[in-house]
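*Asks:*
Residue numbers (my numbering): 275 to 811.
Laid out in structure tokens, this is it:
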């Protein structure tokens with residue numbers, strides 16, 4: 275799909291035109307205070323891309339008349355046409371003649387997409403095309419995706435499709451009740467999730483003020499997960515909450531400062547497109563209001579596995595990826611050292627990288643915990659978790675869970691041993707880089723005008739690590755091998771999940787669902803991450 279499929283051009287106050295690039299897999303936040311013309315701008319964006327755009331209105335209805343599919347397919351098609359037409363009219367900025375039908379369509383699309391997936395799998399099984407059935411089943415069920423979305427967004431409810439195509443909710447294991455009884459925020463999150471997840475592929479998704487009915491701790495992880503699940507689409511989010519683009523530094527920002535009117539129409543806008551490393555002006559930052567907010571800065575990117583799993587383990591904390599350990603440390607230091615944003619509590623999580631105990635304690639005093647493994651895969655593929663997933667698989671297949679677990683883990687030593695030298699050298703690289711950086715001369719050393727010498731015995735360093743690797747192998751210490759080395763760079767993980775009869779995506783979805791469904795798994799992870807758990811309290 276070519277990027278120029280999507281159009282977004284804005285007449286500017288300097289008699290120019292600002293052409294905004296829109297690329298599938300990326301997001302654009304339109305940021306500005308009330309009254310600067312954002313609604314009209316979003317309307318113009320929709321009309322420029324009407325044939326392949328879906329718009330979720332800020333003034334949408336957020337309640338349900340019931341919890342069933344209460345319109346037929348022909349009625350749904352008819353209303354789709356009406357809504358598309360009215361969305362192109364200028365009064366759609368403030369008026370919605372089909373608010374009730376919009377919510378009904380959202381529920382229709384969610385239930386229908388669930389049924390289509392089930393029918394495809396059943397049809398393939400009926401003709402004994404098991405491989406095709408497996409291919410269909412690899413696509414995450416829409417309601418399962420909704421439940422993962424809600425859990426990552428700190429909403430403790432589970433959506434259930436019951437008989438007669440009715441949707442129910444369960445909160446913390448309660449008896450199911452109608453989705454019409456959900457709170458305003460819960461219904462809104464469900465509607466946004468249903469709208470986005472059922473959107474046609476390669477679409478432009480326009481979200482008007484999604485934070486209007488949702489708390490900050492919900493909307494940020496909600497958007498992150500939607501971006502990941504629909505990376506075939508372009509997102510444009512209109513907001514006056516500065517936290518949203520701050521929480522998604524990989525997104526572009528269209529900063530709207532004002533607009534110029536001619537009669538009843540806006541002629542142009544005072545707007546700038548700013549990149550991810552551009553400082554947001556202080557006039558916008560002052561809109562940051564609210565109670566104390568806890569942030570956990572982690573390594574990795576917003577679409578990586580890190581953010582998703584840490585958000586589930588620590589649901590009351592906003593998880594923000596910062597790339598590498600240095601960026602995590604700077605982010606935590608910056609917030610903790612800034613008194614004028616004292617309502618924010620910041621913590622950090624970095625890889626241990628074979629730091630000394632003294633270095634680890636030094637980080638803790640700054641609010642940063644070092645995890646005792648190479649990367650986040652060690653959390654997802656911890657043997658205790660693999661064993662629990664094997665039990666889940668056994669329930670579905672009727673096979674013995676012990677046999678499934680043994681089949682999945684039987685080749686780990688053989689597979690990882692093939693990469694011994696590279697894995698050990700990569701670990702040494704991280705450790706030595708840390709040693710070099712911590713040994714660099716300070717300005718006082720430079721002022722002393724002496725010599726700076728640093729000698730590293732690379733051969734001995736690698737030999738020591740290879741000896742440790744060999745001990746793990748001799749002792750069949752699979753946990754040590756899986757947590758200490760960069761296993762993502764080997765075939766170990768693919769072989770492991772195939773031994774369970776799953777794909778990587780299915781397995782990782784299952785791990786996240788395990789955290790959602792079973793409180794003891796969340797506690798298991800908190801214990802693994804005890805220093806961080808102690809910091810957050």
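We treat Cβ as the ideally placed atom computed from N, Cα and C, and that holds for glycine.
#1: Note the first and the last residue of the continuous beta strand (DSSP E) segment covering residue 445.
#2: Could you tell me which residues DSSP pairs with residue 545 in its beta bridges?
#3: At what residue ranges does the region 717-783 contain a whole run of the beta strand (DSSP E), taking only runs of 3 or more?
#4: Can you check which of these residues, 670, 786, 728 and 291, is closest to residue 420 by C-alpha distance?
#5: In whole angstroms, what is the alpha-carbon distance linking residue 804 and residue 571?
#6: According to DSSP, is residue 676 helix, strand or coil?
#7: Determine the DSSP secondary structure at residue 812, reduced to helix, strand or coil.
#8: List in chain order: all unbroken alpha helix (DSSP H) runs of 4+ residues lying wholly within the region 602-676.
#9: On a CA-only basis, which of 629, 495, 611 and 795 is nearest residue 578? Give me that one, please.
#10: Figure out for me which residue from 342, 345, 344 and 376 has the closest Cα to the Cα of residue 358.
#11: Can you give me the start and stop residues for the alpha helix (DSSP H) that residue 314 sits inside?
#12: By Cβ distance, which residues of its chain are closer than 6 Å to residue 596, with the 5 residues on each side in sequence left out?
#13: From residue 795 to residue 445, what distance separates their C-alpha atoms?
#14: Give a yes or no on contact between the region 350-357 and the region 375-392, applying the rule of three or more CB pairs nearer than 8 Å.
#15: Is it a yes or a no for the region 657-664 touching the region 739-746, going by three-plus beta-carbon pairs under 8 Å?
#16: Between which residues of its own chain and residue 428 is the CB-CB distance below 6 Å, once the five residues before and five after are set aside?
#17: Starting from the Cα of residue 497, find the closest Cα among 436, 422, 681 and 437 and give me that residue.
#18: Tell me, to the nearest whole angstrom, how far the beta carbon of residue 707 is from that of residue 760; I am working on the premise that it is less than 8 Å.
#19: Quick check: the Cα distance between residue 516 and residue 531, rounded to an integer number of angstroms?
#20: Please list, in chain order, all residues of the same chain as residue 527 whose beta carbon is under 6 Å from its beta carbon, the five residues on each side excluded.
#21: Please classify residue 721 as buried or exposed, where buried requires at least 16 other C-beta atoms within 10 Å of its C-beta.
#22: Bridge partners of residue 302, per DSSP?
#23: Return the CA-CA distance between residue 767 and residue 778, expressed in angstroms with no decimal places.
#24: Can you tell me whether residue 542 is buried or exposed, with buried defined as 16 or more other CB within 10 angstroms of its CB?
#25: What span of residues does the alpha helix (DSSP H) with residue 346 cover, start to end?
#26: Just list the residues that DSSP pairs residue 283 with in beta bridges.
#27: Roughly how many whole angstroms lie between the Cα atoms of residue 318 and residue 610?
#28: Distance check for residue 407 and residue 396, CA to CA, integer angstroms please.
#29: Within the same chain, show all residues whose beta-carbon is closer than 8 Å to that of residue 372, passing over the 5 residues directly before and after it, in chain order.
#30: Tell me, please, which residues DSSP counts as bridged to residue 501.
#31: So, do the region 466-485 and the region 322-330 have three or more beta carbon pairs nearer to each other than 8 Å?
*Replies:* On the basis of the data shown:
#1: 441-445
#2: 530
#3: none
#4: 786
#5: 16 Å
#6: helix
#7: Residue 812 cannot be examined here, being either before or after the span of the chain that is shown, 275 to 811.
#8: 631-639, 651-654 and 657-671
#9: 495
#10: 376
#11: 312-322
#12: 571, 602 and 605
#13: 18 Å
#14: yes
#15: no
#16: 491, 492 and 589
#17: 422
#18: Incorrect: roughly 14 Å between the Cβ atoms, too far for contact.
#19: 13 Å
#20: 303, 305, 519 and 548
#21: exposed
#22: 510 and 526
#23: 8 Å
#24: buried
#25: First-last for residue 346: undefined, no H or E at that position.
#26: 293
#27: 42 Å
#28: 7 Å
#29: 353, 356, 357 and 360
#30: DSSP, once it has assigned bridges, lists no residue as partnering residue 501.
#31: yes
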